[in-house]
Amino acid sequence: MPAFLTNPDTLWRRYVVALGLIAVLLSISHGLSIYSIKAGEEQAALINMSGRQRMLQQRILSLVLRESRNGVSPAEAQALDEAVALFERSHNALSTGGDLGLSLEGAAERRTIYFSGSPSLDQEVKAFLDDVFAARQPLSRRRSAALGRLSNIERTDALLTRLDGVVRTLQSRADARVDQLALISNLTFALALLILAIEWMTIFRPAQRAVTSTLAAHRATEAKLKRADEELRRVLASEEASRAKVESLLRARTDLFANLGHDMRTPLTVLTGYLDLLMNQDLRPDQERLLGLARNASKQVAGLVDDILDLERLQEGMLTLSPVACDVRGFAERCADFFAAKAEAKGLELIARVDEEMPPQLFLDEGRLQQIANNLIGNAVKFTKGGQVTLSIGIESDGFFHVKVADTGPGITPEDARRLFERFEQSSPEVTSVHGGSGLGLAICRELSELMGGWMKLDSEVGEGSTFTLVLPLTPVPEEEAPRPETRQAAGG
1 MPAFLTNPDT LWRRYVVALG LIAVLLSISH GLSIYSIKAG EEQAALINMS GRQRMLQQRI
61 LSLVLRESRN GVSPAEAQAL DEAVALFERS HNALSTGGDL GLSLEGAAER RTIYFSGSPS
121 LDQEVKAFLD DVFAARQPLS RRRSAALGRL SNIERTDALL TRLDGVVRTL QSRADARVDQ
181 LALISNLTFA LALLILAIEW MTIFRPAQRA VTSTLAAHRA TEAKLKRADE ELRRVLASEE
241 ASRAKVESLL RARTDLFANL GHDMRTPLTV LTGYLDLLMN QDLRPDQERL LGLARNASKQ
301 VAGLVDDILD LERLQEGMLT LSPVACDVRG FAERCADFFA AKAEAKGLEL IARVDEEMPP
361 QLFLDEGRLQ QIANNLIGNA VKFTKGGQVT LSIGIESDGF FHVKVADTGP GITPEDARRL
421 FERFEQSSPE VTSVHGGSGL GLAICRELSE LMGGWMKLDS EVGEGSTFTL VLPLTPVPEE
481 EAPRPETRQA AGG
């Protein structure tokens, strides 16, 4: 085995050099191909334009003579004007370059074609155009002389011959350039083959032999790995038993949460009921305030228990939806009515609106939708000191609708917004200390929205306010769930 094959650094350097040479040759070949294509397109444009000059000269000459003898139609007069303008502009582009999409490359060579000789081709073309302009002026003194020169076949044929010469000259130069590029391309290809042959003899062939010998060692290692795989299977079987035990513990945890929720809800319900009874008694202001604090605290604890149990059921996939026919506008009014007192107490304007494009009813879990909306509106009212809170329901896109809650509160920074929908997260520690809360509400909203086939998003700017958007599928009410006509009539009176 060559010594360089046992030294990874040396082998790596040789590979890099070999691949680098191939990459350089490929780059050169690619560059030549691109240059050849661009040069071919440029030459084709030049040849086509110079050939078009011959046809334009003949067309202009024919139309000018007809116009001077019998007159021409307005359409032919317009065609003559366009031909003269194109002929003149094409001549300027060919002789000086840089117009009609032509590059300045090769402009010096073209100037030699057009400005050499006496008279030069440029002078003859300009003289031809001067005669055309003069012949088309009925009151011009030069008209007769110009028509005479244009009618002189030898003179016009001489210009046509020189224009043909331009085409032949450009074609021969294009052919010469193609031959030159073909020669360079062939040399590059031959050099690439030579380098590949050298690399095969000095690098790839010895490396292939080294790989063959290494494969034999790998086969021995494969046998060892097979034995290790059998041992791993035995370990995995043991871990499977452990996984079953963990699942049993998880089920026990779920049962524990369910029992814990029941055990906590029952005394909290009794406590809240007694507090409500006490609130209806004749109390001193300080007693009424303390009982109000106690009642709010008990309701917060009950809400926290409900949130934790909802999260647990969501995590375990045990929370199911109960879709019903939901009156969209009635839903929006109930949301606004529920928070009207709190908003009014803070001097906030609470607005609820439903787009006209929304269907009157949707088929969804109204309870869970109410849970999400209450959480979003409650947060907006809680954190907004002045201004307004707006609930809007409308069409989002094909097959979806949105429920947006916008406020004029302090706004949320991008850093806080990224973690706001995570469990036990709030916008900042200061918010928790001032307003309280567990940080579970928005996490529940996000997971409930995903369970309902939608998603949540947040748009906020510090100092400007925030907009929380719930997007859900636009699900029509099935016929069997829609109210019957006689039912609606009975309900109406």
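Under full-length UniProt numbering, residues 1 to 493 are what the sequence shown spells out, in order. Glycine included, every Cβ here is placed at the ideal spot set by N, Cα and C.
- Closest option to LEU194, judged by alpha-carbon separation, among VAL84, PHE421, LEU376 and LEU25: LEU25.
- If you look at ILE444, you'll find it isn't in any beta strand (DSSP E); it sits in the alpha helix (DSSP H) that goes 441-451.
- ILE351: member of the beta strand (DSSP E) spanning 349-354, first to last residue.
- Here the alpha carbons of ARG368 and TRP455 stand approximately 14 Å from one another.
- Linking GLU461 to LEU348 through their CA atoms gives a straight-line distance of about 20 Å.
- For the options LEU290, SER449 and VAL389, the alpha carbon positioned closest to that of ALA336 is the one of VAL389.
- Residue burial is scored here from C-beta neighbours: HIS91 has at least 16 other C-beta atoms within 10 angstroms and is therefore classed as buried.
- For the pair ALA135 and ALA127, the CB atoms are not nearer than the 8 Å cut-off.
- Contact annotation, GLU366 with PHE331: C-beta distance approximately 7 Å; criterion of less than 8 Å satisfied.
- Sequence-distant partners of ALA223 (beyond 5 residues in either direction) whose C-beta falls short of 8 Å from its own C-beta are missing from its chain.
- One alpha carbon belongs to LEU19, the other to GLY31, and they sit about 18 Å apart.
- Here the stretch 52-59 makes no contact with the stretch 172-190; the two share fewer than three CB pairs at distances below 8 Å.
- For SER140, same chain residues with a beta-carbon under 6 Å away, outside a window of 5 residues either side, are ALA134 in chain order.
- One alpha carbon belongs to VAL477, the other to PHE401, and they sit about 14 Å apart.
- Straight-line measurement puts the Cα of ASN375 at about 6 Å from the Cα of GLY441.
- With contacts defined by Cβ atoms closer than 8 Å, SER449 and LEU472 form a contacting pair.
- Using a Cβ distance threshold of 8 Å, GLY465 and ASP407 count as a contacting pair.
- Membership of PHE204 in any beta strand (DSSP E) is not indicated, and neither H nor E is assigned to it by DSSP.
- If you look at THR413, you'll find it isn't in any alpha helix (DSSP H); DSSP assigns it neither H nor E.
- Your pair ALA345 and GLU333 does not check out as a contact, with CB atoms roughly 20 Å apart and the cut at 8 Å.
- DSSP, reduced to helix, strand and coil, places GLU396 within a strand of the structure shown.
- Secondary-structure assignment with DSSP links VAL405 through a beta bridge to LEU391 and PHE468.
- The C-beta distance from ASP459 to ILE395 rounds to 18 Å, too long to meet the 8 Å contact threshold.
- For VAL324, the pairing in a beta bridge is given by DSSP as LEU364.
- A Cβ-Cβ contact shorter than 8 Å links ASP131 with LEU150.
- Going by C-alpha positions, THR413 is about 39 Å away from GLU288.
- Taking a C-beta distance under 8 Å as the contact criterion, ILE47 and PHE87 do not qualify as a contact pair.
- For GLY386 and LEU291, the gap between their C-alpha atoms comes out near 28 Å.
- Cβ contact annotation for PRO323 (same chain, cutoff 7 Å, sequence separation greater than five): PHE363, LEU364 and ASP365, in chain order.
- Burial is judged here by how many other beta carbons sit within 10 angstroms of a residue's own beta carbon; GLY453 has fewer than 16 and is exposed.
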